[in-house]
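Participant: Residue numbers for the sequence shown follow the working numbering, so the first one is 165 and each next one is one higher. C-beta atoms are modelled at their ideal positions from N, C-alpha and C, and glycine is treated no differently. Predicted model only: the values in this text are computed from it and were never measured.
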Amino acid sequence: MLSYRHSFHAGNHADVVKHIVEMLIIENLKQKEKGFYYLDTHSGVGRYRLFSEEAEKTAEFREGIARLWERDDLPEEVQRYINMIKKLNYGGKELRYYAGSPLIAAQMLRTQDRGSLTELHPADYPILRNNFKEFHNIMVKRDDGFQQLKATLPPKERRGLVLIDPPYEMKEDYDLVVNAIEEGYKRFATGIYAIWYPVVLRQQTKRMVKGLKDTGIRKILQIELAVRPDSDQRGMTASGMIVINPPWQLEAQMKKILPYLVNVLVPEGTGSWSVNWITPE
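In structure tokens, the structure reads:
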């Protein structure tokens, strides 16, 4: 049940899209001086060695972050994302480390902001806790990430981002996402919720989207990048982010960024992208 490890997939095309969206949302939250709350429900270890045994086993980063690493034609938003990853690599040219979503957030949080990271995997939790021990405004818990929406919302700041990134190893995860959103939204309707999802079988994704639509929640934006057409064969063909209460600029930003990412990350020409409203305002 707990076999999924972020480390096998660090820096792949799905991470690139996920972390650019995360960065853009946090940049928007920082436009106001008032502090905000960041909740990461399925954190992994937060920082990955790309030449570890796990990462090299799949080497998915070679078709993700590595294809952007030394380009000189990056859109400015993508350049800011790459700059953050370069900072983790001590500013050097060699790509050796990759930041998970908790470290992307930690690099961006200000002293007035607060973060909470959750990881249930027994091997990943102690590494996560150790990786963030120097961040005094970030709490690390070993717990069921979905339960944190019930336990920690609404935050005292009344502003924030909830990032939900489960492994989707079990079909039930798709339903758990919908239930968690419904529960969290009741408590914190003004929060921004960003849900990462893989497309392995399109029917499962469609069921989750329908479930979110049926909640009656408004302002739900779907952002997706595909590396090949849908298939009933094994493997992820696409991934995306579903954002509730997205910053108003996000739709236009991703419509500018995704065509570039498809061209660079999927040079075989099999890729596609989409930005659509599941439910408008």
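1) Determine, using beta carbons only, whether Leu-340 and Ile-442 come nearer to each other than 8 Å.
2) Considering only their Cβ atoms, is the gap separating Val-326 from Tyr-289 smaller than 8 Å?
3) Are Leu-259 and Ala-287 close, meaning C-beta to C-beta below 8 Å?
4) Should Asp-396 be labelled buried (16 or more other beta-carbon atoms within 10 Å of its own) or exposed?
5) Could you check whether Gly-404 and Glu-388 sit closer than 8 Å to each other, using their CB atoms as the reference points?
6) Excluding the five sequence neighbours on either side, which residues of its own chain have a C-beta within less than 6 Å of the C-beta of Gly-210, listed in chain order?
7) Have a look at Gly-228, Lys-194, Leu-193 and Leu-203 and flag the residue whose alpha-carbon is nearest the alpha-carbon of Ala-174.
8) Need the endpoints of the alpha helix (DSSP H) that Gln-386 sits in, please.
9) For Arg-235, count the other beta carbons within 10 Å of its own beta carbon; 16 or more makes it buried, fewer makes it exposed. Which is it?
10) May I have a chain-ordered list of the alpha helix (DSSP H) segments no shorter than 4 residues that lie completely inside the region 329 to 394?
11) Only counting the same chain, and skipping five residues up and downstream in sequence, which positions put a Cβ closer than 6 Å to that of Val-181?
12) Using the Cα positions of Met-418 and Lys-314, report the straight-line distance between them to the nearest angstrom.
13) Trp-437 bridges to which residues according to DSSP?
14) Go ahead and label Gln-312 buried or exposed: buried means 16 or more other beta carbons lie within 10 angstroms of its beta carbon, across all protein chains shown.
Facilitator: According to the data block:
1) Against the sequence shown, residue 340 aligns to sequence position 176. Against the sequence shown, residue 442 aligns to sequence position 278. Remark: C-beta atoms of Leu-340 and Ile-442 do not approach each other more closely than 8 Å.
2) Here residue 289 refers to the residue found at position 125 when the sequence shown is read from its first residue. Here residue 326 refers to the residue found at position 162 when the sequence shown is read from its first residue. Going by C-beta atoms, Tyr-289 is not nearer than 8 Å to Val-326.
3) Here residue 259 refers to the residue found at position 95 when the sequence shown is read from its first residue. Here residue 287 refers to the residue found at position 123 when the sequence shown is read from its first residue. Against a cut-off of 8 Å, the Cβ pair of Ala-287 and Leu-259 comes out as no contact.
4) Mapped onto the sequence shown, residue 396 falls at position 232. Exposed: under 16 other Cβ atoms inside 10 Å.
5) The count along the sequence shown starts at 1 and reaches residue 388 at position 224. The count along the sequence shown starts at 1 and reaches residue 404 at position 240. It is a contact, given that the beta carbons lie within the stated cut-off.
6) Residue 210 sits at position 46 when you count from the first residue of the sequence shown. The beta carbon of Gly-210 sits closer than 6 Å to those of Gly-264, Pro-266, Leu-267, Leu-292 and Asn-295, all from its chain and outside the five residues before and after it, given in chain order.
7) As a working note, residue 174 is residue 10 in the sequence shown. Considering only alpha carbons, the answer is Gly-228.
8) Locating residue 386 in the sequence shown gives position 222, where the first residue counts as 1. From DSSP, Gln-386 is part of no alpha helix (DSSP H) but of the beta strand (DSSP E) over 384 to 390.
9) Here residue 235 refers to the residue found at position 71 of the sequence shown. Label assigned to Arg-235: exposed.
10) 336 to 351 and 366 to 378
11) The sequence position of residue 181 within the sequence shown is 17, counting from 1. Closer than 6 Å at the Cβ level, and outside the excluded window around Val-181, lie Leu-389.
12) In the sequence shown, residue 418 corresponds to position 254, counting from 1. In the sequence shown, residue 314 corresponds to position 150, counting from 1. If you take the alpha carbons of Met-418 and Lys-314, they lie about 30 Å apart.
13) The residue labelled residue 437 in the question sits at position 273 within the sequence shown. Trp-437 is bridged to Leu-389.
14) Here residue 312 corresponds to residue number 148 of the sequence shown, with the count starting at 1. The residue in question, Gln-312, is buried, as its Cβ has 16 or more Cβ neighbours within 10 Å.
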